[in-house]
Each structure stands twice: as structure tokens, then as C-alpha cells.
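Working notes, beginning with the structure itself.
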Amino acid sequence: MIFNPEFSAQQQHTTSPIVTGGSVIALAYKGGVVVGVDTLCSYGSMADFKNVEKIAQVSKNTIYVSSGEFSDFQQVVRELAKIDRSALQYDDGVHPSPRDYGNYLARLSYKRRCKINPLYLQNVIAGFHNGERYLGLVDIYGTYLESNFVTTGFASYFCKAIISNYWNDNCTLDQAKQVIRECFKVLFCRDCRAHDVIQLAYVDEQGAHLEQPERVETKWDFSGFKNRANEKLHTQ
Amino acid sequence: MNYTDILSSKFEPETTGTTIMAVIYDGGLIIGADSRTSSGQFVADRCADKIDYIHDRIFCLRSGSAADTQIIAKHVRYYIDAHAQELGRLPAVATAANLFRNFLYEYKDSLSAAIIVAGWDPYKGPQIFTLPLGGSVIEQKWSIGGSGSTFIWGFCDSNYKENMTLQQAKAFVLHAVAHAMFRDGSSGGIIRLLNVTKDKIEREFIDYKDVPVK
Chain A
1494 MIFNPEFSAQ
1504 QQHTTSPIVT
1514 GGSVIALAYK
1524 GGVVVGVDTL
1534 CSYGSMADFK
1544 NVEKIAQVSK
1554 NTIYVSSGEF
1564 SDFQQVVREL
1574 AKIDRSALQY
1584 DDGVHPSPRD
1594 YGNYLARLSY
1604 KRRCKINPLY
1614 LQNVIAGFHN
1624 GERYLGLVDI
1634 YGTYLESNFV
1644 TTGFASYFCK
1654 AIISNYWNDN
1664 CTLDQAKQVI
1674 RECFKVLFCR
1684 DCRAHDVIQL
1694 AYVDEQGAHL
1704 EQPERVETKW
1714 DFSGFKNRAN
1724 EKLHTQ
Chain B
553 MNYTDILSSK
563 FEPETTGTTI
573 MAVIYDGGLI
583 IGADSRTSSG
593 QFVADRCADK
603 IDYIHDRIFC
613 LRSGSAADTQ
623 IIAKHVRYYI
633 DAHAQELGRL
643 PAVATAANLF
653 RNFLYEYKDS
663 LSAAIIVAGW
673 DPYKGPQIFT
683 LPLGGSVIEQ
693 KWSIGGSGST
703 FIWGFCDSNY
713 KENMTLQQAK
723 AFVLHAVAHA
733 MFRDGSSGGI
743 IRLLNVTKDK
753 IEREFIDYKD
763 VPVK
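In C-alpha cells:
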């Protein structure tokens, strides 16, 4: 009975995600880093939770976003919040830097990967510390990368070309935000699990700034779209 | 199908194939649920109460495995009771949601449980927390769950309005749950409604003959 596979069918092994967040795009600009993510959490193919704020400010000058299993994201936010609190015990006035958060998350993810029980996430840590921008990517295995721009999920396929053509790391904040908005427009058109309401946040020397969710405008009224009714193909 | 033999490979554990719903209105919240507990194709309980008491102004709606959700609710009820004794005042709804979340997240590989925690507290008023499979916590103004919920997303999306009155909210929940029961084989029976406000809890029993959609 114990080894009856049908009997154990009710036990679900969730190494696959259930409630998932979508792509994350982050770009460095002259003076800081800006991150964008949509406000959707999907339940499989269903767009279940449509106005979720998924940008976490883990310290004054560090923000954390991820795509993947949302409950793991919430768990990581709790873990990262502990770091600053426990650093207080040293009583030396030193706060963890954004890179410290990135590194910690990489070690945590790698440990879980080694136990074959991953945190099902692609993580982005963005910050500004001692006059320097920081942008880190930690994937599901614990691979750690620092870069001037990062994308997760579908954005890695569709948006890198847009970013290469329209962004450089010396652009202004508004230019970087506009590139991110363009990327999310493309994602909304081409990614089934994307939503057209996004949230941006940026970190500069003043600290982290989280903005209100906004809707990106996508164009659907091309004459080519309107005129492609099937009866036209077959009746001329 | 032999549904009484627990050792049989065809045994399907009791689940709350169900329709559950909670909606915040201007002044409180309405909780609604159907009354069918199914064990595969058999209706194990035709008049169940799926609105579980956690504390005087905190309730949970259970979907998924009846066994899993009942025992978790039992633990959370105990923890909240102890917490409220020490606190000396009403516990926060978020606290109950967090306690549920800890179970659902830690044991995500073994549990089949999705919960809606709904209640009123003196700190933030009426609140609804949805805890889907996996253990995320998402606060919402209205939430539907269970197998019957799939049939009423369209109805709810088009009929929900912010800041409804008590009567509007009750009608919304009643019709939504009725529509779900109409189409979902795993939901049925009577509808139980609960109105949670600062001052009181009001239970309502909607008999089968009074269900608006049959």
C-alpha cells in the first residue's frame, strides 16, 4: 500500500511553481538603477491576481524583485529583511550593501539547489552604495552575475534587442524608464503570462524610490490588423 | 468505485470541491460558501459548514483536501486563541493569515490546501487574504476559491464594484455562489452566508429552495 503510486497521487511535489510572477527588467542609468515588473501573479495559465506589488525594498538603498514562484519571493523578502536587523548586533553602524544582499541570495539559492529543492526564482537585486550602482542577477541554481542590465523570463528573449538598440548605461532616468516601458509593451503583445500594468522603481544616491503602478499603452488599431478579416482573403 | 475502502487504490480522499467567496463592503465583509463535501463522486456531507471559526472576528474558507485544511485550521485556531489571551485584545487578521501561510509554505510539497482568511480587526478594518497552493499571501478586496470559482470569474469580474452596501454585497455573493453551484458538480446544496462587522457576526442560511439560480 505504501508503494502504491496511485495512493500517493494526492501528494503533490511542488518543485514546479504554482503562483508565478512575470518577467523583470532592470537597467542601470547615469546615477542609479531602474527596475520594472508587471503587477500580475498567474496561477498556471490563469491571470489570478492582477494588482500585486512585487517590488520589495529590503533596505534604504536596495530593492529586490523576482520572477517565478510568488511564495518563494515572499519568503526571500523575509530572509533578506533579517540581514539588516542582524547586522545591528555588531553595533558598528555598518549596514549591508546591495552586493551583500546579492551575494547572500546567491549562497541561499545555491544551497537550495544542492538539496534539489530550489527557490523557484530568478532574482534581481538593485541598489546604489558609496556612489556606485549595483545590479545583480541570481538564478534558480544560485548562479550570480553583476551587470548593467538584466532581464528574466520571456524578457530575456524579446527585450535584449530593444535594450541593445535604445539604451546605454549613461542615459537619463527617463530614457531608461521609457526603454523598460517599450519592453513591457512587447511583452504584453507576445507573452501570454504578461499584464499591461507595470510598476517601476529606481535607486539612486538618495535611496530607493518605488512608483505607483502604471498601464503601458499598446497599439492594436493598425489598418493591417483591421483589414485582415478572413472573408477578405476568400472573397476577392 | 469503492469509496469506503481506504486501502483500495481507487480511494479518493475527501476534498472540499467547493465554492467559497469573501467580499469587503462599506462597513464589513460578507463570506459565502456552498455546503457540499465530495469524496470523488459521492456527496459525503450535503450540509457542511465551510466557514470555519478562527476567532471572534476571523474566519477561514477552506478548499482542497478536507483533512489537510481542517487540521491546519485547528492549529491556527489554537495559536490565535493563545495569542489573543496574551494580547488581551482582538488579534489582527494578518496574524491569522500569516499562521496559515507558515503551514502552507513549509509543507507545500505535502499539502493540498488553499485558504481564504477573512475577518475584521480594530487596526485595519475588514480584510481578506488569499492563500493559494504554495503558500503565498495576497491581500484583496474580494476573493473566490474552490473548484466552483472557475465558473464565476466572468460574473464576478463584471459585477464587483468597490464600496458596495451590505445589501449589494450580499446579493453579489449569493448570486455568484449560486451560479457556481449551478455548473460545478462538486459544489451544491445550500448557501451559507456570514456578515462580519465591527459590532457583530450574522449568519444566514439560504435553503435550497431559495437559491436564486437552480
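Top to bottom, those sequences are chains A and B. When the letters of the first sequence are read in order and numbered with the working numbering, they come out as residues 1494 to 1729. When the letters of the second sequence are read in order and numbered with the working numbering, they come out as residues 553 to 766. C-beta: ideal position from N, C-alpha, C; glycine also. Every value quoted in this text rests on a predicted model; they were computed, and no experiment measured them.
Using a Cβ cut-off of 7 Å, pull out every chain B residue sitting near A:Ile1511, in sequence order please. At a beta-carbon threshold of 7 Å, the residues of chain B lying near A:Ile1511 are Pro684, Leu685, Gly686, ordered along the chain.
With a Cβ-Cβ cutoff of 8 Å, do A:Ile1618 and A:Tyr1557 count as a contact? The Cβ atoms of A:Ile1618 and A:Tyr1557 sit closer than 8 Å to each other.
Mind checking which residues open and close the alpha helix (DSSP H) that includes B:Ala648? Note, B:Ala648: alpha helix (DSSP H), 645-658.
In chain B, which residues lie less than 7 Å from A:Val1692 when you measure between Cβ atoms? One detail in the question is off: residue 1692 of chain A reads as Gln in this sequence, not Val. Near A:Gln1692 there are no residues of chain B at all, since even the closest Cβ is about 15 Å away, more than 7 Å.
Bounding residues of the alpha helix (DSSP H) (the contiguous stretch that carries B:Asp608): Annotation for B:Asp608: no alpha helix (DSSP H) segment contains it, and DSSP assigns it neither H nor E.
Please list, in chain order, all residues of the same chain as B:Cys612 whose beta carbon is under 6 Å from its beta carbon, the five residues on each side excluded. Excluding residues within five positions, the ones whose Cβ falls inside 6 Å are Asp604, Ile606, Ala625, Ile667, Val669.
Helix, strand or coil for A:Phe1677, going by three-state DSSP, please let me know. When DSSP states are grouped into helix, strand and coil, A:Phe1677 belongs to the helix group.
Select from the segment 645-665 of chain B all residues with a C-beta closer than 9 Å to any C-beta belonging to chain A, and list them in chain order. Against chain A - using a Cβ distance shorter than 9 Å - the residues of the segment 645-665 of chain B are Arg653, Leu656, Tyr657, Lys660, Asp661, Ser662, Leu663, Ser664.
Under 9 Å (Cβ pairs) to chain A, residues found in the segment 686-704 of chain B: Answer in chain order: Gly686, Gly687, Ser688, Val689, Ile690, Gln692, Thr702.
Mind reading off the beta-carbon distance from A:Arg1637 to A:Arg1592? Whole number of angstroms is fine, and I expect it under 8 Å. The sequence shown places Tyr at residue 1637 of chain A, not Arg. The Cβ separation is near 10 Å, so there is no contact.
Identify the continuous beta strand (DSSP E) that holds A:Val1643 and give its terminal residues. In the DSSP annotation of this structure, the continuous segment of the beta strand (DSSP E) that includes A:Val1643 starts and ends at 1642-1644.
Cross-chain neighbours of A:Tyr1536 in chain B, by beta carbon under 7 Å: Going along chain B in sequence order, the residues near A:Tyr1536 (Cβ under 7 Å) are Pro684.
Beta-carbon proximity list for A:Gln1705, same chain, < 8 Å, skipping 5 on both sides: Gln1692, listed in sequence order.
Who are the neighbours of A:Glu1546 on chain B, taking C-beta pairs under 7 Å? Near A:Glu1546 there are no residues of chain B at all, since even the closest Cβ is about 10 Å away, more than 7 Å.
Please name the residue in B:Gly579, B:Ile572, B:Asp578 whose C-alpha comes closest to that of B:Gly616. Minimum Cα-Cα distance from B:Gly616 among the listed residues B:Gly579, B:Ile572, B:Asp578 corresponds to B:Ile572.
Tell me, please, which residues DSSP counts as bridged to B:Pro678. Answer is B:Trp672.
Return the chain-ordered list of same chain residues with a C-beta closer than 6 Å to the C-beta of B:Ser738, the five sequence neighbours on each side being excluded. So the list reads Gly569, Ser590, Ser699, once near-sequence residues are dropped.
Can you pull the chain B residues whose beta carbon is under 7 Å from the beta carbon of A:Glu1562, in chain order? The answer, in chain order, is Gly686.
Can you tell me where the alpha helix (DSSP H) holding A:Tyr1613 begins and where it ends? Going by DSSP, A:Tyr1613 is part of no alpha helix (DSSP H) at all; its letter is neither H nor E.
For A:Arg1626, decide whether its Cβ has a neighbour in chain B, counting only Cβ atoms nearer than 8 Å. Not one beta carbon of chain B lies nearer than 8 Å to the beta carbon of A:Arg1626.
Roughly how many angstroms separate the alpha carbons of B:Thr702 and B:Ala732, rounded to a whole number? Roughly 8 Å separates the two Cα atoms.
Cβ separation of B:Ile576 and B:Trp694, assumed to be a contact under 8 Å, to the nearest whole Å: The Cβ separation is near 7 Å, so the contact holds.
Would the segment 1590-1608 of chain A and the segment 707-718 of chain B be scored as touching if the rule is three or more Cβ pairs under 8 Å? Judged by pairs of C-beta atoms under 8 Å, the segment 1590-1608 of chain A does not touch the segment 707-718 of chain B, as fewer than three such pairs exist.
What first and last residue would you give for the alpha helix (DSSP H) that runs through B:Ala625? Where B:Ala625 is concerned, the enclosing alpha helix (DSSP H) stretches over 618-639.
Measure the C-alpha to C-alpha separation of A:Asn1610 and A:Leu1601 and round it to an integer number of angstroms. A straight line joining the alpha-carbon of A:Asn1610 with that of A:Leu1601 spans about 11 Å.
For a contact meaning CB atoms closer than 7 Å, what does A:Gln1615 contact in chain B? At a C-beta separation below 7 Å, A:Gln1615 has no neighbours in chain B, since its nearest C-beta there lies roughly 17 Å away.
With DSSP run on the structure shown, which of helix, strand or coil describes A:Tyr1522? The three-state secondary structure of A:Tyr1522, taken from DSSP, is strand.
Which residue marks the beginning of the beta strand (DSSP E) containing A:Glu1639, and which one marks its end? Membership of A:Glu1639 in the beta strand (DSSP E) is indicated by the continuous run 1637-1639.
Cβ neighbour criterion (16 or more within 10 Å) applied to A:Cys1652: With 16 or more Cβ atoms within 10 Å of its Cβ, A:Cys1652 is classed as buried.
Is the CB-CB distance between A:His1688 and A:Gly1529 below 8 Å? Taking 8 Å as the Cβ cut-off, A:His1688 and A:Gly1529 do not qualify as a contacting pair.
Inter-residue Cα distance where the pair is B:Gln727 and B:Leu685: Here residue 727 of chain B is His; the residue named in the question, Gln, does not match the sequence. C-alpha separation (whole angstroms): 26 Å.
Is B:Ile696 helix, strand or coil by DSSP? Residue state, collapsed to three classes: strand.
Alpha-carbon spacing of A:Ala1648 relative to A:Phe1642, whole angstroms: Going by C-alpha positions, A:Ala1648 is about 12 Å away from A:Phe1642.
With distance defined between alpha-carbon atoms, name the residue in B:Ile690, B:Asp762, B:Ile696, B:Tyr630 nearest to A:Ser1564. For the options B:Ile690, B:Asp762, B:Ile696, B:Tyr630, the alpha carbon positioned closest to that of A:Ser1564 is the one of B:Ile690.
Under a CB-based cut-off of 8 Å, is A:Gln1567 close to chain B? Chain B contact via Cβ: present.
Secondary structure at B:Gln767, three-state DSSP: helix, strand or coil? No statement about residue 767 of chain B is possible, as the shown extent of chain B runs from 553 to 766 and does not include it.
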